[in-house]
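Protein chains in written order, with this note's numbering: chain A, 6 to 450; chain B, 6 to 450. In what follows, a structure is listed as structure tokens, so that the remarks can point back to it.
Protein chains: 2
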Amino acid sequence: MSQRQMLIGMQLGNGYGSQVTAWRAPGVAPRNYSDFDAQVRYAQAAERGKLQFLFLPDTPALSSDLTHEAPQMTLDPLLTLAAVARGTERIGLVSTASTTFMEPYNIARQFKALDVMSHGRAGWNPATTSDPNAAANFGGTIAERPVRYQRAHETIQIVQALWGSWQRDAWITDTATGRYADTSKINPINMQGEYVASRGPLPIPPSEQGQPVIFSAGGGDYGLTIAGRYANGVIGSTFSIDDARAQRDAAREAARAAGRDPDEIKFFAGIMPAIAPTVREAVERRKQLGVHTFPARVPYLGQMLGIRLTPDQIDDPLTPEQLAAARPSPFDPRAPRALEIAREGWTIREILGHGAIDYHPTPVGPASATADHMTEWFESGAVDGFWFSPDIYEDGIDTFVDEVIPVLQERGLFHTDYEGTTLRDHLGAPAQYGLDARTTAATAS
Amino acid sequence: MSQRQMLIGMQLGNGYGSQVTAWRAPGVAPRNYSDFDAQVRYAQAAERGKLQFLFLPDTPALSSDLTHEAPQMTLDPLLTLAAVARGTERIGLVSTASTTFMEPYNIARQFKALDVMSHGRAGWNPATTSDPNAAANFGGTIAERPVRYQRAHETIQIVQALWGSWQRDAWITDTATGRYADTSKINPINMQGEYVASRGPLPIPPSEQGQPVIFSAGGGDYGLTIAGRYANGVIGSTFSIDDARAQRDAAREAARAAGRDPDEIKFFAGIMPAIAPTVREAVERRKQLGVHTFPARVPYLGQMLGIRLTPDQIDDPLTPEQLAAARPSPFDPRAPRALEIAREGWTIREILGHGAIDYHPTPVGPASATADHMTEWFESGAVDGFWFSPDIYEDGIDTFVDEVIPVLQERGLFHTDYEGTTLRDHLGAPAQYGLDARTTAATAS
Ligand SMILES: Cc1cc2nc3c(=O)[nH]c(=O)nc-3n(C[C@H](O)[C@H](O)[C@H](O)COP(=O)(O)O)c2cc1C
Ligand SMILES: Cc1cc2nc3c(=O)[nH]c(=O)nc-3n(C[C@H](O)[C@H](O)[C@H](O)COP(=O)(O)O)c2cc1C
Chain A
6 MSQRQMLIGM QLGNGYGSQV TAWRAPGVAP RNYSDFDAQV RYAQAAERGK LQFLFLPDTP
66 ALSSDLTHEA PQMTLDPLLT LAAVARGTER IGLVSTASTT FMEPYNIARQ FKALDVMSHG
126 RAGWNPATTS DPNAAANFGG TIAERPVRYQ RAHETIQIVQ ALWGSWQRDA WITDTATGRY
186 ADTSKINPIN MQGEYVASRG PLPIPPSEQG QPVIFSAGGG DYGLTIAGRY ANGVIGSTFS
246 IDDARAQRDA AREAARAAGR DPDEIKFFAG IMPAIAPTVR EAVERRKQLG VHTFPARVPY
306 LGQMLGIRLT PDQIDDPLTP EQLAAARPSP FDPRAPRALE IAREGWTIRE ILGHGAIDYH
366 PTPVGPASAT ADHMTEWFES GAVDGFWFSP DIYEDGIDTF VDEVIPVLQE RGLFHTDYEG
426 TTLRDHLGAP AQYGLDARTT AATAS
Chain B
6 MSQRQMLIGM QLGNGYGSQV TAWRAPGVAP RNYSDFDAQV RYAQAAERGK LQFLFLPDTP
66 ALSSDLTHEA PQMTLDPLLT LAAVARGTER IGLVSTASTT FMEPYNIARQ FKALDVMSHG
126 RAGWNPATTS DPNAAANFGG TIAERPVRYQ RAHETIQIVQ ALWGSWQRDA WITDTATGRY
186 ADTSKINPIN MQGEYVASRG PLPIPPSEQG QPVIFSAGGG DYGLTIAGRY ANGVIGSTFS
246 IDDARAQRDA AREAARAAGR DPDEIKFFAG IMPAIAPTVR EAVERRKQLG VHTFPARVPY
306 LGQMLGIRLT PDQIDDPLTP EQLAAARPSP FDPRAPRALE IAREGWTIRE ILGHGAIDYH
366 PTPVGPASAT ADHMTEWFES GAVDGFWFSP DIYEDGIDTF VDEVIPVLQE RGLFHTDYEG
426 TTLRDHLGAP AQYGLDARTT AATAS
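Dropping the structure here:
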């Protein structure tokens, strides 16, 4: 049976969950931020669900107020994935690393080492990093987009060239003759960009998938040049099927423009489900998490709805006057859904408990609501799969794996086991080793 | 009983051993270079011997000819130690990282993450990196010493300040009140050097030992300024008891000059034993390894001895004329020992098989020869301990642990179990969190 099936990745981060107050949820160890055992356990749970990959966002900076919220990132994404690599067998391991604040040689080395360590499961999300807090940690400021993206292109190409600089068949290790390697097949790359350069070679042999897979999670035209040329996976933040389809089409078109087969890119839409037996219980789960953080978000919710809202009204629904005056802001794609929820009569706290201003769509209620959301988006052809952000890792992953995944599997929409062993296998990504000539011709400098 | 006891660290590297042809030794898997399981196994063997720490040299470059020799480094030292951290309980985990080719924020983050992951077992050897191959990998050339060492001082101080930027008691995680952290105790460091800068904070809580321990393995006056100010462990390459004592005294004097108690620095002399039941068998072990590499070293051995030697004489001893003409070179501290061996009548190949031009002294023969060497150096007060480089990891570690360690333990010269759980415990290094005011006053810029 060759029905097209969706792919699913999972966000991994601070040890608690994608809700910034998940650290204080019942059953969560409040110091999981520094507990690598917990990270491994969460990865194993995702692997039990046969998810294709883990994806770790990253910014080299503290960018949140820690009074009530946990940091959003892992202590260090590469060390986290090294621990996870040792504790899992199949699931893909994708991490973000900044092209602006890391050197290509160091990126190339650590990601290829992770790829070898995990037997071909590594992926890299090159981020241009627009956070000024990150720049300050490196003694600088954030440069304009053209500069950051030029450096990103150079960095990615140098990294890929370094990955290929130890040719596939260079490693001889013939104990009889004493020949360790064919040094004619381990060569400098001698790449000199405007912002970064490297001579190489990088002395790391190929992994089971050759070299790590490139992801992209940017946005806008600049981001698309990255996605189109290099990525096999693109993660989008999108709040409607039509927008998802538009983002997917744009990524595929960018691939085509770069001379690639658009099917080489898989497009993933984020989702942040709130799962509980009933909608009211799911909202309650989120309300508990939001005790300290929701009040400060009320004014922004008002802005989204085009009306003035203040925290003292947080436990009331919108008044009939407010509902009549409300107009979804054209600047926030989440606004129409927020208004829909408001019209159902929920209090402001409950509207926020619906995930109305979270980063990704939040199906609310029983597992079937999430499965239905995923089914509808996937069957409409708007996405190749999803990037699942558990609200609380401790129980959220198990719930997803035990309640959502089986529904998708019954519907024939998700595989029941890994077909291969590498991340490339999981994504159906083509073999690649070193630079891809198709995508670099345009930028040779 | 409070007899002073020696400390022992072990070199970990490419998966084969410190002899560059160890990859083809009998019993060694020739592709261990890419096998993290093997690294973990070797670390566990060292831990079984209660060794205080592992120490990984590193240069971000390929600097050897791979025709017959393996690369000398791990694929990546931090990922290797992450794997080892997950597979061991007690042994310290020290890695080299370049102050010239890495940014302080990235170093601070990865080493503190490793320290947390390993429950307080991490250490950092800041290397100024003098290899032009490394510079080329970052698009540059090697700067003069004053520049590299100025950057090293700035980098180490910024790294330590970042380590302390999340204060010891900043982490509240009170689920009742919802207070995650006391943000008045997580602050920017705002350090601006001539070459590097960082604002911080680094959002990583303290490990069980607070922060990683600093090592030093440089040489010369510049290296001593690093050792004196920051290091709790100094690794030296030294070929006589008198020289070891001089190096140890110099490090202690540098500590004193920096306002520290000299006992805060432990001095380790390298050793590369060749262990077998008899001297002849130990030499044979090394001769086998040198089949492809010894011929090219003959001329240099000649230089050391002040006479002309050519590879065609490799299987002959020195002639009486050569022996009469030989004068140990004053530029190579290994020369006197090489001449001693030559005078015993060994062939040139066998002289090399004695480790005559290896990086560290090579006790040759039964385990007792190594134990006696260590006992003599230690009891003469020239060293606080040793850095053991196994010639072949696969059997060399077990031999050392099973045959040398028990002799030292019987003599009361080595502990029989770990006294504590952290690297600071193992070294008797004082508590430190953040910058040490004593050592930075001199360099505030
Ligand atoms: C799902 C998703 C995840 C992202 N993760 C990161 C991340 O981890 N780190 C980061 O710097 N940017 C990340 N981004 C990208 C930024 O949000 C933003 O799109 C990007 O920095 C574009 O800004 P720029 O073009 O000014 O660089 C992510 C974007 C999306 C859609
Ligand atoms: C035992 C020992 C181990 C060393 N390990 C390294 C190393 O891993 N990486 C490195 O760059 N330098 C290492 N060094 C230091 C260099 O050998 C050399 O002493 C140092 O680069 C000094 O040169 P510089 O002052 O020109 O920088 C080590 C030195 C010793 C004695």
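Glycine included, each C-beta is placed from N, C-alpha and C at the ideal position. None of these values were measured; they are calculated from a predicted model.
The beta carbon of V25 (chain B) does not come within 7 Å of any beta carbon belonging to chain A, so the residue lies off that interface.
Counting only the Cα atoms, A166 (chain B) lies some 10 Å from E159 (chain B). With a cut-off of 8 Å on Cβ pairs, the region 288-301 of chain B is not in contact with the region 250-260 of chain B, counting fewer than three such pairs. DSSP places N142 (chain B) inside the alpha helix (DSSP H), whose first and last residues are P137 to N142. Separation of the CB atoms of R342 (chain A) and F273 (chain A) is rounded to 20 Å, and the pair is thereby denied contact status at 8 Å. If you draw a 10 Å sphere on the C-beta of G386 (chain B), you find fewer than 16 other C-beta atoms in it, and that means exposed.
DSSP places Q16 (chain A) in the uninterrupted beta strand (DSSP E) bounded by L12 to Q16.
With fewer than 16 other Cβ atoms from the protein chains shown falling within 10 Å of its own Cβ, R9 (chain B) counts as exposed. For V239 (chain A), the secondary structure class from DSSP, reduced to helix, strand or coil, is strand.
Listed in chain order, the alpha helix (DSSP H) elements of length 4 or more contained wholly in the region 258-328 of chain B are 284-294 and 303-310. The beta carbon of T26 (chain B) sits closer than 8 Å to the beta carbons of H73, E74, A75, L294, G295, V296, H297 and T298 from its chain, once the five residues preceding and following it are set aside; these are given in chain order. Counting along the chain, L440 (chain B) sits inside no beta strand (DSSP E), nor does DSSP assign it H or E at all.
By the rule that beta-carbons nearer than 7 Å mark a contact, G20 (chain B) does not touch chain A. Ligand 1 approaches Y227 (chain A) closely enough that one of its heavy atoms is under 6 Å from the residue's Cβ. In summary, the residues of the region 104-117 of chain A whose CB is separated from some CB of chain B by less than 8 Å are F106, M107, E108, Y110, N111, R114, Q115 and K117, in the order they occur in the chain. Beta-bridge partners of P131 (chain A) (DSSP): A:A102. Not one heavy atom of ligand 1 is found less than 6 Å from the C-beta of I362 (chain A).
Using a Cβ-Cβ cut-off of 8 Å, R184 (chain A) is close to T72 and H73 of chain B, given in chain order. At least one CB atom of chain A sits nearer than 7 Å to the CB of F41 (chain B). Near chain A, meaning a CB-to-CB distance below 7 Å, the residues of the region 122-155 of chain B are M122, A141, N142, F143 and G144. As the crow flies, the alpha-carbon of N192 (chain B) is around 9 Å from that of L207 (chain B).
The closest heavy atom of ligand 1 lies 6 Å or more from the beta carbon of G145 (chain A).
Secondary structure of V25 (chain A) (DSSP, three-state): coil. Taking all protein chains shown into account, T134 (chain B) has 16 or more neighbouring C-beta atoms within 10 Å of its C-beta and is therefore buried.
G128 (chain A) has its Cβ no nearer than 6 Å to any heavy atom of ligand 1.
When the five nearest sequence neighbours on each side are left out, the beta carbons in the same chain lying within less than 6 Å of the beta carbon of A186 (chain B) are those of A175, W176 and I177, in order along the chain. Secondary structure of Q155 (chain B) (DSSP, three-state): helix.
Residues of chain A whose Cβ lies closer than 9 Å to the Cβ of L328 (chain B) do not exist, since the nearest Cβ in that chain is about 31 Å away. For the C-beta of T188 (chain A), the chain B residues within less than 9 Å are, from N- to C-terminus, D70, L71 and T72.
Between H359 (chain A) and chain B, the shortest Cβ-Cβ separation is not below 7 Å. In chain order, W176, T178 and P210 make up the part of chain B whose C-beta sits under 9 Å from the C-beta of R36 (chain A). Identification of residues in the region 288-320 of chain B having a C-beta nearer than 8 Å to some C-beta of chain A yields V296 and H297, given in sequence order. With a threshold of 7 Å between beta carbons, S221 (chain B) makes no contact with chain A. Assigned with DSSP and collapsed to three states, R250 (chain B) falls in helix. Comparing alpha-carbon positions, the option among B:F405, B:Q437 and B:A436 lying closest to P282 (chain B) turns out to be B:F405.
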